[in-house]
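Start counting the sequence shown at 721; every next residue gets the next number (the working numbering).
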Amino acid sequence: MIRGPSGGGKSTLLHVFGTLTRPSGGRLRLFGTNMQTIPEHRLPDFRLNRIGFVFQTFNLLAAQSAFENVELPMILSGRLKRLERHEKTARLLKEVGLGDRADHLPSELSGGEQQRVAIARALANKPDLLLLDEPTGDLSSADTCEIMDLLLRVNVENRTTCVMVTHNDDLECYADRVLYLEEGRFSRQRLNSEQRRLDATKYAAYLTSQERNAIKDEDEGVRDGGAEGLLREHKGHFCPMTICNK
Numbered sequence: 721m722i723r724g725p726s727g728g729g730k731s732t733l734l735h736v737f738g739t740l741t742r743p744s745g746g747r748l749r750l751f752g753t754n755m756q757t758i759p760e761h762r763l764p765d766f767r768l769n770r771i772g773f774v775f776q777t778f779n780l781l782a783a784q785s786a787f788e789n790v791e792l793p794m795i796l797s798g799r800l801k802r803l804e805r806h807e808k809t810a811r812l813l814k815e816v817g818l819g820d821r822a823d824h825l826p827s828e829l830s831g832g833e834q835q836r837v838a839i840a841r842a843l844a845n846k847p848d849l850l851l852l853d854e855p856t857g858d859l860s861s862a863d864t865c866e867i868m869d870l871l872l873r874v875n876v877e878n879r880t881t882c883v884m885v886t887h888n889d890d891l892e893c894y895a896d897r898v899l900y901l902e903e904g905r906f907s908r909q910r911l912n913s914e915q916r917r918l919d920a921t922k923y924a925a926y927l928t929s930q931e932r933n934a935i936k937d938e939d940e941g942v943r944d945g946g947a948e949g950l951l952r953e954h955k956g957h958f959c960p961m962t963i964c965n966k
């Protein structure tokens, strides 16, 4: 995760990582390759097959359905036959929780749903690197939780390297490593090598009445495990963002 003030160079750095901007100096190596040695005309194909992009403003094609938006990178890549593309597109939409919204246009989807489509599209060609520029910047707190949980799943289960730029310090608890960029230079870093402890009081404030009733039925297990036990029992229903101690 990359954090820092506006104008500090975060988005520019992400564009360099994504080969959208040539660095003015130094060297950029991606997947063992010196990117300065790759001709300009080969970069689009490199990006298409090795790098996924997710933006704050979604950048979905307005006239195409969720299904068509996700399928497009596979069409451009040309590696899969039509049936294979359709099967993979349906699977990706199902994985991001939009299996029943495949035929909807972006204008018919909420902000959180549009961002999930954008993530599915970014994963279409199974990239090695996923670059995320303020992916939750325009989302509500609830949608932010869902998107961050989804990205965490992508990172862990798909073993996809994720580099994310954000202004939201609450999201730091999702990252293995946080780099702070100021005036074009990294000023410091922080490693999240251990799971943070949870504040049970703060945690309880985010429970719905339905979740509280469910917890009552498992009261003994919760007492044994404390807040950590609560998280284990109900992981997937709650957002770690809201309960990470500072």
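Note that beta-carbon positions come from the ideal geometry of N, C-alpha and C, so glycine has one too.
In this text, all values refer to a predicted model and were calculated from it rather than measured experimentally.
Helix, strand or coil at residue i according to DSSP, with G and I counted as helix
| i | result |
| --- | --- |
| F778 | coil |
| R742 | coil |
| D853 | strand |
| N769 | helix |
| F737 | helix |
| S726 | coil |
| L901 | strand |
| M721 | coil |
| T753 | strand |
| R747 | coil |
| P764 | helix |
| T732 | helix |
Any non-hydrogen atom of the ligand PLP closer than 8 Å to residue i Cβ
| i | result |
| --- | --- |
| L872 | Questions concerning the ligand PLP fall outside what the structure shown contains, since it holds no ligand whatsoever. |
Limits of the alpha helix (DSSP H) - the one that residue i falls within
| i | result |
| --- | --- |
| M868 | 861-877 |
Top-ranked residue by Cα proximity to residue i, from the options
| i | options | result |
| --- | --- | --- |
| P847 | S726, Y894, T880 | T880 |
| V876 | L850, A782, T777 | L850 |
| Q784 | T886, R821, R811, V816 | R821 |
| G724 | R910, E902, R873 | E902 |
| L733 | N912, E866, T886 | T886 |
| A862 | S830, L843, Q909 | S830 |
| G727 | G772, E807, R905 | R905 |
| P764 | E828, V898, P793, Q834 | P793 |
| V790 | F775, G798, H806, T777 | H806 |
| G857 | R770, Q834, G819 | Q834 |
| A786 | G729, G832, L748, F766 | G832 |
| P855 | R897, E828, G772, G817 | G772 |
| R770 | E815, I839, F751, G746 | F751 |
| T739 | K801, G729, P759, I722 | P759 |
| L768 | N845, A895, V837, M884 | N845 |
| T809 | R841, E866, M755 | R841 |
| S731 | S907, L872, R908, V883 | V883 |
| S827 | L781, V874, L818, L871 | L781 |
| L1004 | T753, Q909, V774, N754 | The structure shown does not extend to residue 1004, since the chain spans only 721 to 966, so no value can be given for it. |
| R836 | L825, E866, S860 | E866 |
| D889 | N779, T757, T864, L796 | T864 |
Boundaries (first-last residue) of the beta strand (DSSP E) holding residue i
| i | result |
| --- | --- |
| F906 | 905-911 |
| C893 | Neither: C893 is in no beta strand (DSSP E) and is coded neither H nor E. |
| T881 | 881-885 |
Chain C contact for residue i (CB, 9 Å cutoff)
| i | result |
| --- | --- |
| H806 | In summary, chain C is missing from the structure at hand, where a single protein chain is found. |
Checklist entry - Where are the alpha helix (DSSP H) runs, 4 residues long or more, that stay fully inside the segment 785-851, in chain order? => result 786-797, 802-815, 831-842
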